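Chains as they are written, first to last, in our numbering: chain A, 12 to 238; chain B, 12 to 238. Note sheet for the following structure.
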Ligand SMILES: Nc1ncnc2c1ncn2[C@@H]1O[C@H](COP(=O)(O)OP(=O)(O)OP(=O)(O)O)[C@@H](O)[C@H]1O
Ligand SMILES: Nc1ncnc2c1ncn2[C@@H]1O[C@H](COP(=O)(O)OP(=O)(O)OP(=O)(O)O)[C@@H](O)[C@H]1O
Ligand SMILES: [Mg+2]
Ligand SMILES: [Mg+2]
């Protein structure tokens, strides 16, 4: 469903150049659940941003469903992201002036799918244990509740590809397991493809395979017991 | 060093009232390392905000070094927080327009201790593995690097009491262990008092005792192997 071919990404800051990703290639099949691990600063979030078409690589290319993406216009990229991708960012990125419900519905509003999303938003909120907090704004929620709002927002349009950066980082172990089971179930029953960055070895075991990054390159790949 | 006596905290939102904390009492001795655990939404961050004198309880009182705090003026509270307390928030709260170094030095600038903090900031940055990133702004750092900047900022004034909300949530296990060892060492060698909220049972084992919250009350207290 998505592949990265020899991608590199650099950040220039004054006289320094940071090599966040170095000649990295990766191929992810439809309905696969892939975990990405690695030390802090090893390029995990940068990789997720490039696979999510939120930024472009300095070298190499990204193909989504066989289509090269570097030749697409900004508008075409926006439609592709909106219709096919769901994001769970490391820093939530909720809109502070909107309620939890409005944050969750936003991708559906933008895609013109408000009607069918209304029912889905209540089902997902129940599943994630935040149905009682839908009228709260982000500042009126606990850290873990905000993360669950961000997860619900990513799932509202039933996306083909979900990019999740530390989805269980702020959650207690039982809430975290519910989220992982929801993602796992989505992969098996709805055919979702999930790419999840995590520091938690137990969370990574929910995936089909684990990719470990180090200094912007793939250090190793292992299959989990799921596979 | 700090005690909470029968504290309650409510949030009113429209017609709803949320009881975040209910008649909770707690006594923490100087140079003690206490972990606070509990499900998402159980009141951990709210407790930390009240102990950090960032908010006041609806009922009950908080005493710091034997002194009642609810009768203090805003200025007196600000000086007390500045000189005695260090905070590591769940959502970092770094100032986006300042570099990592400027964010770390800020509490020292405000307290007029810039000279001695200059050396300390370099030592702490080395220890936390962010010495190479001091000129970066928060948006130019990875999630884990931002968290380490927030930790360095909390330690810069050698505070008597450190309030940490999920300090290792965004860190890989080896970086997380370095942070926990740093806190543990500070308690034993510098006499710090640390109150740490965490979901991670392994992190909680670094503390002397573990307090578990449920629905705004203390469900249980256990001593760890450290003690
Ligand atoms: N400003 C606020 N307005 C309304 N409700 C709030 C506010 N802040 C917190 N709450 C509610 O109070 C309860 C306790 O929140 P708190 O942030 O203390 O939880 P927590 O234990 O830190 O959870 P987490 O593990 O998810 O961070 C939650 O149910 C939350 O919805
Ligand atoms: N906008 C930017 N400008 C400059 N450097 C950046 C920028 N974004 C990331 N970096 C650097 O690129 C490297 C990779 O960052 P990335 O966010 O991908 O790490 P990560 O593996 O997600 O780490 P963590 O586990 O801490 O979240 C880091 O060393 C970081 O300092
Ligand atoms: Mg990251
Ligand atoms: Mg919290």
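Backbone N, C-alpha and C define an ideal beta-carbon position, used for all residues, glycine too. These numbers come from a predicted model, not from an experiment.
Suppose the cutoff is 6 Å on Cβ atoms and the five residues either side in sequence are ignored; what does the same chain contact list for residue i look like?
{"i": "residue 34 of chain A", "result": "17, 19"}
{"i": "residue 66 of chain A", "result": "60"}
{"i": "residue 233 of chain B", "result": "221"}
{"i": "residue 202 of chain B", "result": "42"}
{"i": "residue 111 of chain A", "result": "144, 145, 147, 160"}
Can you give me the Cβ contacts of residue i inside the same chain, cut-off strictly under 8 Å, excluding the 5 residues immediately before and after it?
{"i": "residue 192 of chain A", "result": "217"}
{"i": "residue 91 of chain A", "result": "64, 75, 80, 83"}
{"i": "residue 157 of chain B", "result": "103, 105, 149, 181"}
{"i": "residue 140 of chain A", "result": "159, 186, 189"}
{"i": "residue 93 of chain A", "result": "118, 121, 122, 168"}
Please report how far the alpha carbon of residue i lies from the alpha carbon of residue j, in whole angstroms.
{"i": "residue 215 of chain A", "j": "residue 186 of chain A", "result": "16 Å"}
{"i": "residue 28 of chain A", "j": "residue 147 of chain B", "result": "12 Å"}
{"i": "residue 123 of chain A", "j": "residue 196 of chain A", "result": "26 Å"}
{"i": "residue 79 of chain B", "j": "residue 12 of chain B", "result": "12 Å"}
{"i": "residue 143 of chain A", "j": "residue 162 of chain A", "result": "16 Å"}
{"i": "residue 228 of chain B", "j": "residue 39 of chain A", "result": "46 Å"}
{"i": "residue 56 of chain B", "j": "residue 225 of chain B", "result": "13 Å"}
{"i": "residue 211 of chain A", "j": "residue 199 of chain B", "result": "28 Å"}
{"i": "residue 184 of chain B", "j": "residue 26 of chain B", "result": "43 Å"}
{"i": "residue 136 of chain A", "j": "residue 178 of chain A", "result": "16 Å"}
{"i": "residue 47 of chain B", "j": "residue 109 of chain A", "result": "30 Å"}
{"i": "residue 230 of chain A", "j": "residue 121 of chain B", "result": "44 Å"}
{"i": "residue 206 of chain A", "j": "residue 167 of chain A", "result": "17 Å"}
{"i": "residue 86 of chain B", "j": "residue 73 of chain A", "result": "55 Å"}
{"i": "residue 107 of chain B", "j": "residue 155 of chain B", "result": "16 Å"}
{"i": "residue 235 of chain B", "j": "residue 71 of chain B", "result": "29 Å"}
{"i": "residue 209 of chain A", "j": "residue 219 of chain A", "result": "14 Å"}
{"i": "residue 49 of chain B", "j": "residue 58 of chain B", "result": "12 Å"}
{"i": "residue 53 of chain A", "j": "residue 223 of chain A", "result": "9 Å"}
{"i": "residue 24 of chain B", "j": "residue 62 of chain A", "result": "39 Å"}
{"i": "residue 204 of chain A", "j": "residue 213 of chain A", "result": "19 Å"}
Which same chain residues end up closer than 7 Å to residue i when comparing Cβ atoms and leaving out the 5 residues on each side of it in sequence?
{"i": "residue 164 of chain B", "result": "114, 115, 117, 118"}
{"i": "residue 36 of chain B", "result": "15, 16, 17"}
{"i": "residue 22 of chain B", "result": "29, 31"}
Under 7 Å, CB to CB, which of the residues in the stretch 143-161 of chain B have a partner in chain A? Residues of the stretch 143-161 of chain B with a C-beta atom less than 7 Å from some C-beta of chain A are 146, 147, 151, 153, 154, 155, 156, listed in chain order.
Between the stretch 126-137 of chain B and the stretch 119-135 of chain A, do three or more beta carbon pairs fall short of 8 Å? Because the criterion of three Cβ pairs below 8 Å is not met, the stretch 126-137 of chain B and the stretch 119-135 of chain A do not touch.
The stretch 44-72 of chain B: positions lying closer than 9 Å to chain A by Cβ: Cβ contacts with chain A: 48, 49, 50, 51, 52, 53, 54, 55, 56, 57.
Cβ contact check for the stretch 94-102 of chain A and the stretch 159-175 of chain A: 3 or more pairs under 8 Å: In the pairwise beta carbon analysis, the stretch 94-102 of chain A is classified as touching the stretch 159-175 of chain A: at least three pairs are separated by under 8 Å.
When you check each C-beta in the stretch 178-204 of chain B against every C-beta of chain A, which residues fall closer than 8 Å? For the stretch 178-204 of chain B, which is checked against every Cβ of chain A, the residues closer than 8 Å are 180, 181, 182, 183, 184, 185, 186, 187.
Identify each residue in the stretch 203-236 of chain A for which the Cβ-Cβ distance to at least one residue of chain B is less than 7 Å, and report them in chain order. Those residues of the stretch 203-236 of chain A placed with their C-beta closer than 7 Å to a C-beta in chain B are 210, ordered along the chain.
Which parts of the stretch 201-228 of chain A are runs of the beta strand (DSSP E), unbroken and 3 residues or longer, counting only runs that do not cross its ends? Counting only runs that start and end inside the stretch 201-228 of chain A, the beta strand (DSSP E) elements of at least 3 residues fall at 204-208, 220-225.
Got a sec: which bits of the stretch 12-28 of chain B sit with their beta carbon under 7 Å from any beta carbon on chain A, in order along the chain? Listed in chain order, the positions of the stretch 12-28 of chain B with a beta carbon within less than 7 Å of a beta carbon of chain A are 22, 24, 25.
Just to confirm the assignment: which complete alpha helix (DSSP H) runs, minimum length 4, are found wholly within the stretch 100-161 of chain A? Segments of the alpha helix (DSSP H) lying fully in the stretch 100-161 of chain A: 111-121, 125-138.
Beta carbons nearer than 9 Å to chain A: which residues of the stretch 105-130 of chain B have them? Per Cβ criterion, the list is empty.
Below 7 Å between beta carbons is the criterion; list the residues of the stretch 82-99 of chain B that meet it against any residue of chain A, in chain order. Within the stretch 82-99 of chain B, no residue has a Cβ that lies closer than 7 Å to any Cβ of chain A.
Fully enclosed by the stretch 12-86 of chain A, which alpha helix (DSSP H) runs are 4 residues long or longer? Taking only runs of at least 4 residues, the alpha helix (DSSP H) segments lying wholly in the stretch 12-86 of chain A are 55-62.
Any alpha helix (DSSP H) of 4 or more consecutive residues that is wholly inside the stretch 161-196 of chain B: Fully enclosed alpha helix (DSSP H) runs of 4 or longer: not present.
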